[in-house]
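Engineer: Numbering (my numbering), first residue to last: 88 to 437. Glycine included, each C-beta is placed from N, C-alpha and C at the ideal position.
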Ligand SMILES: [Mn+2]
């Protein structure tokens with residue numbers, strides 16, 4: 088019986104078919120993937136369906152699967168790759184995919200090798216490995232800094248050969264083969280590289296060329312998603328600034344993004360106007376109150392009584408003491424839209 092271990096597929100269905108053709112597996116042979124079945128490539132649904140419906144095929148969890156699962160739980164924000172994959176799969180397809188991804192194991196132990204997606208910490212038993220290390224998350228990567236960083240595999244000390252994906256360790260889209268002990272099978276299928284497999288127990292590598300730079304193409308097709316993800320009312324200042332900068336740098340924005348980009352720019356402009364207007368408004372009103380009765384400049388109590396109920400009273404007192412800056416006003420509002428609304432409530436033109 089042969090087992091074909093396959094590197095990062097990332098939605099590259101055509102290349103998966105090509106590799107399976109090349110492997111010419113028999114009925115009883117097994118297929119094991121190193122994870123990252125989806126994101127970046129054109130056909131994540133086909134790849135997921137294949138692994139869901141082929142009895143002899145299974146996969147470990149990759150950092151990309153983990154990210155989807157955590158996104159659904161509201162634990163992390165998606166990157167562009169996840170937002171695109173969700174659109175590719177459709178909402179029900181994505182929900183079903185998350186259910187399936189949640190059940191993927193962190194490792195698969197074969198008679199001849201151990202398969203994980205990311206890394207392996209030396210001196211730690213398989214069952215005791217930090218999940219973020221096995222998955223190859225950013226946390227796992229930081230953790231592995233102490234074990235040689237990108238060359239962590241030189242310290243691999245497990246009993247069986249180890250097969251991983253996740254990173255391209257060579258510059259020519261060939262697999263990493265370290266002392267016949269560690270095999271790195273991510274060869275950039277989604278970036279115009281190759282899709283690579285390892286046939287066990289022979290330990291024979293096979294690979295097929297990628298049909299193109301899928302990720303560049305997929306990213307361009309779904310570039311409108313670069314601007315979505317957070318509703319306008321939930322955008323904080325930093326998020327809004329980042330998106331406006333992104334739009335400013337975007338030579339040819341996706342047509343479907345134009346409406347959203349306009350809305351972002353309008354909010355950005357109005358929020359900054361609102362800060363200026365509120366600052367000006369507070370100064371003017373403070374000045375008027377003091378002109379009516381100059382003793383209010385020193386007498387905070389008298390000033391407060393004259394001011395009346397005012398949610399931004401502390402800012403008036405700052406103004407009274409000549410210490411109010413636009414930055415103070417800015418910091419009061421967690422989101423740009425709150426600043427706009429506060430200005431509108433005071434009848435200011437923004
Ligand atoms: Mn990957």
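With a 10 Å radius around its C-beta and 16 neighbouring C-beta atoms as the bar for buried, classify residue 228 as buried or exposed.
Structural biologist: Classification for residue 228: buried.
Engineer: Tell me the DSSP bridge mates of residue 194?
Structural biologist: The partner list for residue 194 (beta bridge, DSSP) reads 203.
Engineer: Which same chain residues, not among the five before or five after residue 139, have their C-beta less than 7 Å away from its C-beta?
Structural biologist: Around residue 139: 187.
Engineer: Are residue 130 and residue 88 closer than 8 Å when you measure CB to CB?
Structural biologist: Contact flag unset, no.
Engineer: What residues in its chain sit with their C-beta under 7 Å from that of residue 92, if we drop five residues either side in the sequence?
Structural biologist: Only 119, 121, 202, 250, 272, 284, 285, 287 meet the Cβ criterion.
Engineer: Where does the unbroken alpha helix (DSSP H) through residue 159 begin, and where does it stop?
Structural biologist: Its alpha helix (DSSP H) spans residues 150-159.
Engineer: Ordered along the chain, which non-local residues of its own chain (more than five positions away) have a Cβ less than 6 Å from that of residue 302?
Structural biologist: Excluding sequence neighbours, residue 302 sits near 127, 277, 278.
Engineer: Along the chain, where does the beta strand (DSSP E) that runs through residue 145 open and close?
Structural biologist: From DSSP, the beta strand (DSSP E) with residue 145 extends over 144-146.
Engineer: When you compare the segment 239-256 with the segment 191-211, are there three or more beta-carbon pairs, one atom per stretch, that lie closer than 8 Å?
Structural biologist: As far as the Cβ criterion goes, the segment 239-256 touches the segment 191-211, which means the pair count is three or higher.
Engineer: Which residue or residues does DSSP assign as beta-bridge partners of residue 120?
Structural biologist: According to DSSP, which records beta bridges pairwise, residue 120 is partnered with 93, 146.
Engineer: Just to check my reading of the structure: residue 159 and residue 185 have Cβ atoms closer than 8 Å, yes? What is that Cβ distance to the nearest angstrom?
Structural biologist: About 5 Å; that satisfies the 8 Å criterion.
Engineer: List the endpoints of the continuous alpha helix (DSSP H) containing residue 330.
Structural biologist: Looking at the DSSP string, the run of the alpha helix (DSSP H) that includes residue 330 is 324-336.
Engineer: Suppose contacts are defined by Cβ-Cβ distances below 8 Å. Is residue 466 in contact with residue 98 by that definition?
Structural biologist: Nothing in the structure corresponds to residue 466, since the chain is present only between 88 and 437.
Engineer: On the three-state DSSP scale, how would you describe residue 281?
Structural biologist: If DSSP states are grouped into helix, strand and coil, residue 281 belongs with the strands.
Engineer: Could you pull out every residue in the same chain whose Cβ sits closer than 8 Å to the Cβ of residue 52, ignoring the five residues on either side in sequence?
Structural biologist: The chain is shown only over 88 to 437; residue 52 falls outside these bounds and no answer can be derived.
Engineer: Identify which residue in 312, 408, 397 has its Cα closest to the Cα of residue 165.
Structural biologist: The candidate whose alpha carbon is nearest that of residue 165 is 312.
Engineer: Considering only residues of the same chain and omitting the five flanking positions on each side of residue 437, which have a CB-CB separation below 7 Å?
Structural biologist: Cβ within range, chain order: 357, 360, 361, 364, 427, 430, 431.
Engineer: Below 7 Å CB to CB, which residues in the same chain sit around residue 234 once its five sequence neighbours on both sides are set aside?
Structural biologist: Taken in chain order, the residues that qualify are 208, 209, 242.
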